[in-house]
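Q: Residue numbers (our numbering): -18 to 606. Here a beta-carbon is modelled for each residue, glycine too, at the ideal position from N, C-alpha and C. A quick note: this is a predicted structure, and the numbers were derived from the prediction, not measured. Provided herewith is a single structure, encoded as structure tokens, for subsequent inquiry.
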Ligand SMILES: [Zn+2]
């Protein structure tokens, strides 16, 4: 039985109010999203990895369970296939969360941003070849260090290409950031990402409709092939397969390592992910370090001054291009000011003493920006981006000592329930509020009861109902997905597991030895390690030839390159995969010693260390304790 509710009258009324305040529909976005269409494959279907078929319902009338503005974006993100952006510049859109772009060189194609996974990237290349000729890939450019811009590279290049030194160009710091951004907090980010991208939701009018940035994420094979060329500075020029490119490096913008670039011969400007047809995230709700709105705005301004006067077309790694120099300039200036406005106004209000929640509630765009579709919060929102700016400058604490040392949710919850006169009285109050459409208040109130007593089925059901209506009302794809996934997990809790359901070990396997040991430091259980005392061993990796001195001191795991074996404590010799297997519990030390995958006198010390390292349960609870 589907426990999901219809939209309430309050939700329908909220949609009507929003619809009345939206920018005028000129049809320009749909014209841009379909311009230059050359062909596609049915439903952009790439078996096992990607398909738009489940989203066919988007072709119909908007249901009451979807925000009208998000519905519009969701339909724009349904346009799929190969599109001519300019003579020599082609994009495949709608084959993944991101776009893949092909530049026609003298001998073949330069690929920009080969999607998240190999299968959709290969399908896109095949489509390009069918329409533009069966030519080789002559180079790859990664615009930035996020996986939706490099993960599918093996779908467009082969092992032979890599061995032959095919140029792979990326901004300075690309590899470091690509590897490090998701490692130390990886399990928490990965789990929260299941909320943010709606991966667990049905694809229908009461489920996932769009991520805002694109439809959703592809599910094929992901890999990371390091770049061979690093772009160091703005103004740097490079000729790839006979095509000249002028680069602008934009560190600490949408990604820690990112770059925009311009093709003089095509008069085409690539804005990477620094400009998209929406308000992007200064804070990404799956969890990440907050981004620098000031730097972001500065680099858009610089791009406008460097390239826009000459450019005939502006394209990016998500969404559709914009044609004409005048339009490019207008768009860039608006995007520039969108981020700077949020930055400046947040700090203005903070300097008046307003707290993050108050600022986020008050912040509104000026009429000139509010009149544009591309400033709307399909991915980021004004609300959470204002909190990001506050956090960057002032941190998590709002300055009110009542919030300095709050009770944890379970303890606070039990006391709130008591003050409300017990669970039934709290639920009665919450149901009245639900009837008035006050879903934010219901969620705040009932959350106390769920955390005080997660077994209370009525509380869980009411909380799910409130989150669900908030999801239906959300303009932001990630907000909708967060709310609806929360509702789903309240209604259908996973059975608890005795052993940790560990996330992808694939990410661990891609780490260099140094980063792998660093990631193990955040697995060390402080209390257990404190009781175990000091230990030291030398770890020799037979697969990489590296040797590290590894120690535990003051319940902290240290590692540093060792000059020689057994420099500090007895040595153990193993491979990185063998060590990963031991840490995540795929095998035991006894078995590893027996089969020879671990050897050396240091094995005993390793045997003391392993039980001190935690295994992370990917499916930790979010909406309940
Ligand atoms: Zn992206």
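Does the beta-carbon of residue 228 have 16 or more other beta-carbons within 10 angstroms, so that it is buried, or is it exposed?
A: Looking up residue 228 in the chain shown gives position 247. It is buried - the Cβ of residue 228 has at least 16 other Cβ atoms within 10 Å.
Q: On a CA-only basis, which of 77, 465 and 37 is nearest residue -15? Give me that one, please.
A: Within the chain shown, numbered from 1, the residue matching residue -15 stands at position 4. Out of 77, 465 and 37, 465 has the C-alpha closest to the C-alpha of residue -15.
Q: Sorry if obvious, but does the Cβ on residue 457 come closer than 6 angstroms to a heavy atom of ligand 1?
A: Along the chain shown, one-based indexing puts residue 457 at 476. No.
Q: I think residue 614 touches residue 16, with their Cβ atoms under 8 angstroms apart; what is that distance to the nearest whole Å?
A: Here the chain has residues from -18 to 606 only, and residue 614 is not among them.
Q: For residue 193 and residue 155, I'd like the C-alpha separation in whole angstroms.
A: The sequence position of residue 193 within the chain shown is 212, counting from 1. The sequence position of residue 155 within the chain shown is 174, counting from 1. Straight-line Cα distance between these residues: approximately 25 angstroms.
Q: Taking only heavy atoms of ligand 1 into account, decide whether any of them is closer than 6 angstroms to the Cβ of residue 211.
A: Taking the first residue of the chain shown as position 1, residue 211 is located at position 230. It does not: the Cβ of residue 211 is nowhere closer than 6 angstroms to a heavy atom of ligand 1.
Q: Nearest to residue 390 by alpha carbon, out of 6, 605 and 49?
A: Locating residue 390 in the chain shown gives position 409, where the first residue counts as 1. Here the closest residue by C-alpha is 605.
Q: Mind listing, in chain order, the residues whose beta carbon lies closer than 7 angstroms to a non-hydrogen atom of ligand 1?
A: Per the Cβ criterion, the list is 78, 79, 127, 129, 130, 194, 254, 298 and 299.
Q: Below 8 angstroms, how does it come out for the region 183 to 190 and the region 517 to 531: are there three or more Cβ pairs, yes or no?
A: Too few Cβ pairs lie closer than 8 angstroms, so no.
Q: For residue 420, is the classification buried or exposed, using 16 other Cβ atoms within 10 angstroms of its Cβ as the cut-off for buried?
A: Residue mapping note: residue 420 aligns to position 439 of the chain shown, counting from 1. So residue 420 ends up on the buried side.
Q: Is the region 191 to 211 touching the region 145 to 159 in the sense that three or more CB pairs, one from each, lie closer than 8 angstroms?
A: The answer is yes - the region 191 to 211 touches the region 145 to 159, with three or more Cβ pairs under 8 angstroms.
Q: Can you give the Cα-Cα distance for residue 235 and residue 274, rounded to whole angstroms?
A: Taking the chain shown and counting its residues from 1, the one referred to as residue 235 is at position 254. Taking the chain shown and counting its residues from 1, the one referred to as residue 274 is at position 293. Cα to Cα, the separation comes out at about 9 angstroms.
Q: Does the count of Cβ pairs from the region 156 to 170 and the region 498 to 505 closer than 8 angstroms reach three?
A: Segments in contact, yes.
Q: Find out if the Cβ-Cβ distance for the pair residue 14, residue 75 is shorter than 7 angstroms.
A: By one-based count along the chain shown, residue 14 stands at place 33. By one-based count along the chain shown, residue 75 stands at place 94. Cβ atoms of residue 14 and residue 75: not closer than 7 angstroms.
Q: Return helix, strand or coil for residue 588, following the three-state DSSP convention.
A: On the chain shown, residue 588 is found 607 positions in, with the first residue counted as 1. Note: residue 588 maps to helix in three-state DSSP.
Q: So, are the CB atoms of residue 298 and residue 79 less than 7 angstroms apart?
A: Here residue 298 is taken as the residue at index 317 of the chain shown, counted from 1. Here residue 79 is taken as the residue at index 98 of the chain shown, counted from 1. Yes, Cβ-Cβ distance for residue 298 and residue 79 is below 7 angstroms.
Q: Report yes if the C-beta distance between residue 523 and residue 556 is below 7 angstroms; otherwise report no.
A: Here residue 523 refers to the residue found at position 542 when the chain shown is read from its first residue. Here residue 556 refers to the residue found at position 575 when the chain shown is read from its first residue. In this structure, residue 556 lies closer than 7 angstroms to residue 523 by Cβ.
Q: In chain order, what residues of the same chain lie with their CB nearer than 6 angstroms to the CB of residue 219, ignoring the 5 residues before and after it?
A: For this step, residue 219 is matched to residue 238 along the chain shown. The answer, listed in chain order, is 226.
Q: Pair every Cβ in the region 278 to 290 with every Cβ in the region 312 to 330, then say whether three or more of these pairs are closer than 8 angstroms.
A: The answer is yes - the region 312 to 330 touches the region 278 to 290, with three or more Cβ pairs under 8 angstroms.
Q: What does residue 125 pair with, by DSSP beta-bridge criteria?
A: Walking along the chain shown from the start, residue 125 turns up at place 144. In DSSP, residue 125 forms a bridge with 239.
Q: For the beta strand (DSSP E) that residue 211 lies in, which residues bound it at each end?
A: By 1-based counting over the chain shown, the position of residue 211 is 230. Note, residue 211: beta strand (DSSP E), 210 to 212.
Q: Going straight from the alpha carbon of residue 71 to that of residue 197, what length do you get?
A: One-based indexing of the chain shown puts residue 71 at position 90. One-based indexing of the chain shown puts residue 197 at position 216. Their Cα atoms are separated by approximately 22 angstroms.
Q: Terminal residues of the continuous beta strand (DSSP E) containing residue 63?
A: Residue mapping note: residue 63 aligns to position 82 of the chain shown, counting from 1. Start and end: 62 to 67.
Q: Residue 218 by DSSP, collapsed to three states: which one?
A: To locate residue 218, count along the chain shown from 1; it is residue 237. If DSSP states are grouped into helix, strand and coil, residue 218 belongs with the strands.
Q: In the DSSP assignment, find the alpha helix (DSSP H) that holds residue 324 and state where it starts and stops.
A: For the purposes of this step, residue 324 is identified with residue 343 of the chain shown, where counting begins at 1. 306 to 332 is the extent of the alpha helix (DSSP H) around residue 324.
Q: If we ignore side chains and look at the alpha-carbon of each, how far apart do residue 295 and residue 10 end up?
A: Your numbering for residue 295 matches position 314 in the chain shown. Your numbering for residue 10 matches position 29 in the chain shown. Roughly 14 angstroms separates the two Cα atoms.
Q: Can you find the residues in the same chain that come closer than 6 angstroms, C-beta to C-beta, to residue 580, ignoring five residues on each side of it along the sequence?
A: Walking along the chain shown from the start, residue 580 turns up at place 599. Result list for residue 580: 554, in chain order.
Q: Compare the C-alpha of residue 350 against each of 369, 320, -12 and 372 and name the closest.
A: Position 369 of the chain shown, counting from 1, holds the residue named residue 350. The option with the nearest alpha carbon to residue 350 is 320.
Q: Flag this pair as touching only if the region 358 to 376 and the region 253 to 273 have three or more C-beta atom pairs under 8 angstroms; answer yes or no.
A: Enough Cβ pairs lie closer than 8 angstroms, so yes.
Q: Looking at the structure shown, is residue 420 part of a helix, part of a strand, or coil, going by DSSP?
A: Residue numbering aside, residue 420 sits at position 439 when the chain shown is read from its first letter. DSSP places residue 420 in helix when its eight states are reduced to three.
Q: Run through the DSSP bridge pairs and tell me what residue 90 is partnered with.
A: Along the chain shown, read from residue 1 onward, the residue named residue 90 stands at position 109. Bridge partners of residue 90: 85 and 118.
Q: Determine the closest residue to residue 102 out of 85, 131, 362 and 398, with distance taken between C-alpha atoms.
A: In the chain shown, residue 102 corresponds to position 121, counting from 1. Residue 131 is the option with its Cα nearest to residue 102.
Q: Please report the distance separating the alpha-carbon of residue 53 from that of residue 412.
A: The count along the chain shown starts at 1 and reaches residue 53 at position 72. The count along the chain shown starts at 1 and reaches residue 412 at position 431. Answer to the nearest angstrom: the Cα atoms are 32 angstroms apart.
Q: Can you check whether the CB of residue 120 is closer than 7 angstroms to the CB of residue 91?
A: Here residue 91 corresponds to residue number 110 of the chain shown, with the count starting at 1. Here residue 120 corresponds to residue number 139 of the chain shown, with the count starting at 1. Yes, they are a contact pair.
Q: As a quick exercise: from 113, 159, 177 and 7, pick the residue whose alpha carbon is nearest that of residue 458.
A: The residue given as residue 458 occupies position 477 in the chain shown. Among 113, 159, 177 and 7, the Cα nearest to that of residue 458 is on 177.
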